[in-house]
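Undergrad:
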Amino acid sequence: MTIFLQTLVFGLATGAVISLGAVGLSLSYGVTRFINFSYGELLTLGAYFTVLAVSLGMGLPLAVIVATLVVGAIGTLLAKVFFDPLMNRGFLPLLVTSVGLAFVLQNLVRMLFGSTPIRFPLPLMRPWDLGELFIPKIPVLVIVVALGAMLAIHLMLHFSDVGKMMRATSDNPDLARASGIFTGRVLSATWFVSSLIAALGGVLLAITQIALQPVMGWSFLLVVFAAVLLGGIGSPYGAMLGALLVGLGIEFGTTYVSADYGQAFAFLILLLVLLLRPRGIMGGAA
Amino acid sequence: MIGTIRRALVASFVALALPAFALAQEQIEIGLLLPFTGEYDWVGANVQPVAQMIADEVNESGGIGGRDIVLVQGDTEGTVDAGFTAAQKLVNVDGVVGLVGPTSLSFAGVRQVVLDNGVPIVTPTAGTTALDMLDRTYLFRTVPSDALGGRAIARAATDAQYLAADEPFSNPVLMVGQAPAMISFRDPIQRSFDDYGAPVAATIEFTPGKASYRSEVQEAMSSDPDLIVLVGTPEDSARIMQAAFQAGYDGGWFVTQDQTNPEFIELVTAQLAEGIYGLEEVADPDSAQLNEEFRARFEEYAGKEVQIFGTNTYDAMNVIALALLRAELNGEEISRESLAANIRPVTDPGADKVVVHSYTEGKEALEAGNEIDYQGLVGPIDFDEYGNITAPFGIRHVEDGEWVTEAIIPADALQ
């Protein structure tokens, strides 16, 4: 029972990290209708810029805020330069451009920060010891931050003008345009929000992985895709649910079947769900 | 008109080709088969300047029979596939006469290329046990086998004279990454702990590069170890140590050479690193003076300190250069065969031989008609029948956030 509860905590934490990446990716897909393969690099940038900000003397919470805002701006700029001009050129040019951009960003990080692993500046924390059960503090911290971010995203989507416009554009871009929603601005806002969420996801990923590496976001992207597809592509709430299932699948599979095939369990769940429900759990709903 | 053009083309070709031919005649190419990019790019960066320093020493003293040694880089990227491609290029395109490298990471990809083509290797960087008894003619190394490294870990962990204030460990667990450079340690460590009377309670092989090692740590802790011997990359080791810390583990740690450096302490934090043990390749105490001279010379040459594999590279390059020189002075054609055949004659001990410690000393002795026994920074460089050397190991311990050498285990204590 102790191992079950501990695995549950780690599963929720893994799901929380994935969920931020998945929600951001899903948001951008909902409005742009293409899967951005350079999205993982925004996670990497979020983690590295946080470390950079801390090394410049900022406290960790302030560093996270600054880094996520900077990555939000960078993500918007990159999209303006590389993706927006290709928006009407079909699926393939965007896909190839995003893969190319991913490699450029990855190597840029390697050039600026080096290949040597860097530690994320979080102090060591002993777990809470509850008799037989120990609850590690880091996963709990990750869950709390992710829950806060999810709540903020929910409030933005439902109660802010930009959120409502994002949902409207995601549901039906033509109708949104006909209704007077200026989709260009919505597009920019979507790039900014999804990049900002990616950066925060990168920070949480760095907290759980401890050592930062230039490939960290790229390696994590596959799991994020699994969560997005599982939840139903384009649906932020589906992405949250998908991420939770993938996270729990990875951790329970690792604990009870084999530690070597963690990510394989995520894809096993994905295959099973897609066989039963090809559009994902909440496919189509935004 | 056509005839004029043809003559002009032929003349141009001859004009272009002749210098290249002449250049090829003037140079002897040695390949540096190492990772120069990727996660292990630091290996190439550590080895290259030392190798170049020796090449410069050879060339400034007149080269090998008037021919300069030129170093050609082949980037293995620290992988098997890229190692194969780089070895093919150096061996079949560049036509190198010998190789410095590879690392254990790429050895599986390089092995057949060099053996099929009879290319002598003197590697300063491959401790893999795959090399222990592979070949008697072409493969040599100036770095001790992981078999000896594993034995040194077991010896130190079970013998109080090599430990700080700790009691000898009696219930070790081994955690080892499933990659060629790491798995090579598994059998020697297990076997040696058996020999020293403290059998490994559990061996956990883990997949490198995972985001979390919680489950593996849980498995390790189920054996209630007093020591975890950890063979992994620095980042995986950091994740494992942190996961164990979060799970409440407060036993000892023993890490291998890749982690025994200040960067690893920074990566895991001084708090977590405090008290851990690390293995280190050290110079033979008998050659301490030579090492000091080498360090001073290298700092003046390269403007930076000697890094890991620096001393091993110094010995590897000297062995190659002296073997080439001996072949040249004996009137042999410089080739892969003659290089391979002259490595043992310049390194084997012998009663009538002149002991030398550098290329310049060796050159003087050889030119005076003597036979030489090269003894290097790492130790005597007496290759066994499979091209292995023995060397002492340092046992380091983190005290107040810094690595401190606790003891030196002499090579003969590991037999």
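Chains as they are written, first to last, in my numbering: chain A, 1 to 286; chain B, 287 to 701.
We put the CB at the ideal spot given by N, CA and C, even for glycine.
1) Going along the chain, which residues of the stretch 37-66 of chain A sit with their C-beta nearer than 8 Å to a C-beta in chain B?
2) Hey, how far is the Cα of Asp705(B) from the Cα of Ile316(B)?
3) What's the C-alpha gap between Ile695(B) and Val640(B)?
4) Specify whether the stretch 8-26 of chain A and the stretch 125-139 of chain A touch according to this definition: at least 3 beta carbon pairs, one from each stretch, less than 8 Å apart.
5) Which residues mark the beginning and the end of the alpha helix (DSSP H) in which Leu385(B) is found?
6) Run through chain B and tell me which residues come within less than 9 Å of Thr255(A), C-beta to C-beta.
7) Report yes if the C-beta distance between Pro721(B) and Phe584(B) is below 9 Å; otherwise report no.
8) Should Pro430(B) go down as buried or exposed, given a rule of 16 or more other Cβ atoms within 10 Å for buried?
9) Going by DSSP, what residue range makes up the beta strand (DSSP E) through Thr489(B)?
10) Could you tell me which residues DSSP puts in a beta bridge with Val640(B)?
11) Within 10 Å of its beta-carbon, does His158(A) have 16 or more other beta-carbons around it, so buried, or fewer, so exposed?
12) First and last residue of the alpha helix (DSSP H) that includes Thr32(A)?
13) For Leu196(A), name the three-state secondary structure that DSSP assigns.
14) Classify Asn36(A) as buried or exposed, calling it buried when 16 or more other Cβ atoms lie within 10 Å of its own Cβ.
15) Between Val193(A) and Ala530(B), what straight-line distance do the alpha-carbon atoms span, to the nearest angstrom?
16) Taking a cut of 7 Å between CB atoms, which residues from the stretch 202-217 of chain A lie near chain B?
17) Is Ile3(A) buried or exposed, if buried means 16 or more other CB atoms sit within 10 Å of its CB?
18) Would you say Ser115(A) faces chain B, with C-beta separation under 9 Å as the test?
19) By the three-class DSSP mapping on this structure, what secondary structure does Leu553(B) have?
20) Using CA coordinates, which residue listed in Leu69(A), Val144(A), Leu133(A) is at the minimum distance from Ala533(B)?
21) Val541(B) bridges to which residues according to DSSP?
22) In whole angstroms, what separates the C-alpha of Leu460(B) from that of Leu516(B)?
23) What are the residues in the stretch 357-375 of chain B lying within 7 Å of chain A by C-beta distance?
24) Should the stretch 87-96 of chain A be regarded as contacting the stretch 222-242 of chain A, the criterion being three or more beta carbon pairs within less than 8 Å?
25) With a threshold of 8 Å (Cβ to nearest heavy atom), would Asn88(A) be considered close to the ligand HEM?
26) Answer yes or no: does any C-beta atom of chain A fall closer than 9 Å to that of Ala626(B)?
27) Closer than 7 Å by C-beta to Leu20(A): which residues in its own chain qualify, once you throw out the five before and the five after it? Chain order, please.
28) In this structure, how does DSSP classify Gln313(B) when only helix, strand and coil are distinguished?
29) Could you tell me whether any Cβ in chain B is nearer than 9 Å to the Cβ of Phe10(A)?
30) Does any residue of chain B have a CB that is nearer than 9 Å to the CB of Ala266(A)?
31) For Lys496(B), which residues in chain D fall below 7 Å Cβ to Cβ?
32) Are any of the Cβ atoms in chain B nearer than 9 Å to that of Thr76(A)?
33) So with Cβ pairs under 9 Å, would you call Trp689(B) a contact of chain A?
34) Residues bridged to Val54(A) by DSSP?
35) Out of curiosity, what's the CA-to-CA distance linking Ile681(B) and Glu671(B)?
36) Take Leu245(A) as the anchor and find which of Gln263(A), Val142(A), Met1(A) has the nearest alpha-carbon.
TA: Straight from the coordinates:
1) none
2) The question about residue 705(B) has no answer here: the residues shown for chain B are numbered 287 through 701.
3) 28 Å
4) yes
5) Per DSSP, Leu385(B) belongs to no alpha helix (DSSP H); it is in the beta strand (DSSP E), 384-386.
6) Arg500, Ser501, Gln504
7) Nothing about residue 721(B) can be reported from this structure: the residues present for chain B run from 287 to 701 only.
8) buried
9) 488-492
10) Ile658(B)
11) exposed
12) 2-32
13) helix
14) buried
15) 36 Å
16) Thr208, Gln209, Ile210, Ala211, Gln213
17) exposed
18) yes
19) helix
20) Leu133(A)
21) Leu516(B), Gly564(B)
22) 6 Å
23) none
24) no
25) Only the bare structure without any ligand can be found here, which leaves the ligand HEM out of the picture.
26) no
27) Ala146, Ala149, Ile197, Leu200, Gly201, Leu204
28) strand
29) yes
30) no
31) No chain D is part of this structure, whose protein chains are labelled A and B.
32) no
33) no
34) Per DSSP, none; premise fails for Val54(A).
35) 28 Å
36) Gln263(A)
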